[in-house]
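Visitor: Residue numbers (my numbering), protein chains in the order written: chain L, 162 to 418; chain S, 162 to 418; chain R, 2 to 326; chain P, 2 to 326. Note that CB positions come from ideal geometry on N, CA and C, so glycine has one too. Mind having a look at this structure? Questions to follow.
The structure is reproduced here in structure tokens:
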């Protein structure tokens, strides 16, 4: 079996999930999120359209972008729209349902809600982050989404300091009750394990742990109790997957460490 | 004095009014309306921007268009937008106030309201016309407007069969009361005379009659009584104005008869 | 070839995506970029009871009405510029009571498509306050209540909840449209459904984005890589489109900027004559639409010489030598 | 020369159109097309108490905050992509309580500018229902009530009046923004204020259209006739613009597609160092901003060699050889 980094594992897990999701479009951010989208396109789902909230649509990269506005997302795109059009594309459920959004955050709770705004009190924060950007929009309206998170007790928390991006809010029926239209998160990908959400309770459960980790060790890094019973060991990246990831997705090693 | 047609007189009157209005932009329709805009640009106000509701902005004509969507309004324009942007430009009062709209209709009433929808009952019409197009929008929100009309008792009516485009509705304060934001009509240009609206009563009064006509003869062609006391004889087109109109504005004679 | 290839024949595209009673939106504006080939195919397939939504479509709407396909229409302007101040079949059908019409303004129809495109149920405007567009509803409340496909209300007037003055601040909320299918004609598209329009785009983009399905006919199919060279010139993305059909001269007798001009001989002289007379009109339908197999045969009836005379100048995008009277 | 000529010096443009306490909107997105030259001029002129509105502006917002010009900000994202996950002065100022912040999402900020551009008081969205963007207001009701320039409410939740089902259908209405002045940087403009942007335009167009005044800096002034050759590439029209200033390298250290790349040496290495240390930061302000007369002197400090290394490749629009770590 090939040697691989946990970051490579995360990208490959995401690429496989895109195929499973059966979507036409991936709406992604920078870093691991772009890498995952490119991996999906190069490895599992060649027809998928890569899309940035800045309005770059059907992008073909030559180099990894440093931000959503990097000129590298513009060259070779099929369309360059603006933010207004980009977000309308996902709020519109005809196209929104065809789209998988990729998110990330500083904190996540058991219902997959995300915080990327503050640590501490909103009006007197200990740490201030960038804020929503398009995350709240994506979580509110996109057909389905996945999130990249680092595992850890300060990240997987019992109660968010600020609810920036809606997951399943406080449980079953909550999205419908407040009037949210999108589909909610399907998968959380971390550096040691992946998580999904129970159909009935909408609570996060352990979906898979990466080779070398155990369900119990994963639970140790989470501030709330989760169901470990459905967990399986994740299938590691194949040599073929790693080859494409390393040579075709990020040959400059801008994201891959 | 030069010979001129009544249609030429109408175009020149409009061109002079554009200068008086002090606007940056003319929003115009086809036919006499485009001719008037071009005459304004070539004769009185060279810096004015000619603008069509289809989204062609700052157009420089080589040939007169047959419709608002004629490729002739596209070539040489500074911008080609769409309808959404075009109408937003006038609903937005920052730019809407800089714009003069040119209208036309089948019927007009004493408050400058226009009908371009039906003759007879709306639900069982004697004659059906095209409908509003952008006229209702322009009349609702543009900074100021003028209308081209043919004089006649079936056109200048006591009560419209259908109120397509708002003028001053039923009088002073009426626009404000329903919440309309634009400025209302300033001038009505016909084939024999021009009309303006009283500041206080918002009723149409005779502003000028063309050489060869009398105020009393004008009143005969209108289905409601109007104030004739402020009327003056209109200044006919100068030779210079006619020269430019004929040789530079519509050399193909698509509009000019 | 990609799984996402959407090329098909026009016959198949209409069979697959246009059905009796559908809500159809038509791209183009008066005599430019009207999707005439698709309109003729719809007439040929005898599709009935259509509900049409358009801003200011001229020729396409009029032939569709004349072809007996339309039951009701929501529209801002049923005219064709200086070719037809009011479209002839549109006028006749309403005067005879055979076509139900709901009047909006151009901006309102655009906002309705835009709301559909944005996925919100309405958008606000100040347009039409105090007018009969607000007061008279072509589709009455009862008619609307009986048909789930229609919004219950033509429009709604609401106070601005952010108003902090004592001035009146009311807005007209117009309801979203999400057509079953939007039909447009474009200059270029690729097989996946990426589309490049040149010149004015009217409300075509809002119409496309609002729709469940979209049929694009185009003058030329090009490679995706050609489109990638100028992303600023592309407006519609593959996943917004259901079918792509290459149909040269597909908008004739209306204009396609950069390809050909409108045909004044058809629009000013031929069409008014046949549209005004029901026998002549039936002859036109039989001979030019129902009697031909496809667009190619229709174009043969028009003749190469006539088409050639309309070809656009490469610089200005129309034919400056065209006889237009 | 036309009466409508809007060319002026950057010093004059800022003097004329930017005042203490103004509501300013900044174009660009994270590290691209930030109007840095104008931002430096605002700092140089010691304009204070600005109210900033932006979607995801990175470098421009952060230097303006660091320059002591900003009192409050409405924003979706105070970061700079991978150069700065959270902008440093933005973070510090909020943590210290010296900057009041109101959080929206990117789409909401875009809709707020779009509402301003459309001349309506609000636009609807489903975004943020159930989140703290709805529940927590950075500018409280009392604070808003006291300041006429703010809407009384951050946002309002309303039922869809067209709902004909028993499903819940609520929308978030976000209030329009009409900034006193919007500041953007573009590739090309003419002296009248017609502007051609290449590449992504973010929310720049909505910001421009919503604003009472607009300052455009650009890489190149061109003739209007050049712009008329490709109307599809022009987005902003003369009558929407107040001042035009030719400022080559006006967005440096952020990127201008087709002209130059961002400067990783500045953004990744130099800026974080000076922004984290108040003495270093004061030195930067003194030396690079307040201590120079104009953009030209600033660029001399950066050096020709460094600038040249950023020049964009003609085909791809960036520098593929750039060292980005």
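#1: Do residue 36 (chain R) and residue 200 (chain R) have their C-beta atoms within less than 8 Å of each other?
#2: Hey, quick one: how far does the alpha helix (DSSP H) through residue 178 (chain L) stretch, first residue to last?
#3: For the segment 100-121 of chain R, which residues have a CB atom closer than 7 Å to at least one CB atom of chain S, in sequence order?
#4: Are the CB atoms of residue 213 (chain S) and residue 196 (chain S) nearer to each other than 8 Å?
#5: Which runs of the alpha helix (DSSP H) fall wholly inside the segment 22-64 of chain P and span at least 4 residues, in chain order?
#6: Compare the C-beta of residue 223 (chain S) with all C-beta atoms of chain P and state if any pair is closer than 8 Å.
#7: Mind the definition here: the segment 387-406 of chain S touches the segment 194-212 of chain R only if three or more C-beta pairs lie below 8 Å; say whether that holds.
#8: Please report how far the alpha carbon of residue 39 (chain R) lies from the alpha carbon of residue 345 (chain S), in whole angstroms.
#9: Could you check what DSSP says for residue 394 (chain S) in three-state terms: helix, strand or coil?
#10: Quick check: is the beta carbon of residue 81 (chain P) nearer than 8 Å to any beta carbon in chain L?
#11: For residue 355 (chain S) and residue 395 (chain S), which I take to be in contact (beta-carbon distance under 8 Å), what is that distance rounded to the nearest angstrom?
#12: If you drop the 5 nearest sequence neighbours on each side, which residues of the same chain put their C-beta closer than 7 Å to that of residue 67 (chain R)?
#13: Starting from residue 366 (chain L), trace the beta strand (DSSP E) in both directions and tell me its first and last residue.
#14: Run through chain P and tell me which residues come within less than 8 Å of residue 186 (chain S), C-beta to C-beta.
#15: From R:178, R:216, R:183, R:167, pick the residue whose C-alpha is nearest to that of residue 191 (chain R); which is it?
#16: So what's residue 410 (chain L) in DSSP terms, helix, strand or just coil?
#17: According to DSSP, is residue 97 (chain R) part of a helix, a strand, or is it coil?
#18: With distances taken between CB atoms, is the gap from residue 78 (chain P) to residue 99 (chain P) smaller than 8 Å?
#19: May I ask you to report which of helix, strand or coil DSSP gives residue 81 (chain P)?
#20: Taking any Cβ of chain P, which residues in the segment 237-266 of chain S have a Cβ under 7 Å from it, in chain order?
#21: Between S:405, S:406, S:403, S:365, which lies nearest to residue 390 (chain S) when the distance is taken from Cα to Cα?
#22: Would you call the segment 206-220 of chain S and the segment 178-197 of chain S touching, i.e. three or more CB-CB distances under 8 Å?
#23: Check whether the segment 310-327 of chain S touches the segment 283-299 of chain S, counting contact only when three or more Cβ pairs, one atom from each stretch, lie closer than 8 Å.
#24: Hey, residue 312 (chain S) and residue 379 (chain S): beta-carbon distance below 8 Å or not?
#25: At least one CB of chain L closer than 8 Å to the CB of residue 177 (chain P): is that the case?
#26: Nearest-angstrom Cα distance between residue 225 (chain P) and residue 161 (chain P)?
#27: Name the chain R residues whose beta carbon is nearer than 7 Å to that of residue 297 (chain S)?
#28: Does the segment 9-24 of chain P come into contact with the segment 248-255 of chain S, if we say contact requires no fewer than three beta-carbon pairs (one atom in each stretch) closer than 8 Å?
#29: Where does residue 231 (chain P) land, buried or exposed, given buried means 16+ other C-beta within 10 angstroms?
#30: Name the chain B residues that come within less than 9 Å of residue 229 (chain R), Cβ to Cβ?
#31: When Cβ atoms are compared, which residues of the segment 202-216 of chain P fall closer than 7 Å to chain S?
#32: Contact check, residue 248 (chain R) vs residue 218 (chain R) under 8 Å by CB: the rounded distance?
#33: Decide if the segment 253-266 of chain S is in contact with the segment 123-133 of chain P; the criterion is three or more beta carbon pairs, one per stretch, under 8 Å apart.
#34: Which of the residues in the segment 146-160 of chain R, read from start to end, lie with their CB under 8 Å from any CB of chain P?
#35: From which residue to which residue does the beta strand (DSSP E) around residue 338 (chain S) run?
Guide: According to the structure data:
#1: no
#2: 167-182
#3: 104, 106, 107, 108, 111, 115
#4: no
#5: 37-45
#6: no
#7: no
#8: 41 Å
#9: strand
#10: yes
#11: 7 Å
#12: 90, 276, 282
#13: 365-370
#14: 240
#15: R:216
#16: helix
#17: helix
#18: no
#19: strand
#20: 237, 238, 239, 240, 241, 249, 252, 253, 254, 255, 256, 257, 259
#21: S:365
#22: yes
#23: yes
#24: yes
#25: no
#26: 46 Å
#27: 106, 128, 129, 132, 134
#28: no
#29: exposed
#30: In summary, chain B is missing from the structure at hand, where the protein chains are L, S, R and P.
#31: 210, 213
#32: 4 Å
#33: no
#34: 149, 152, 153, 154, 157, 159
#35: Not the beta strand (DSSP E): residue 338 (chain S) falls in the alpha helix (DSSP H), residues 335-339.
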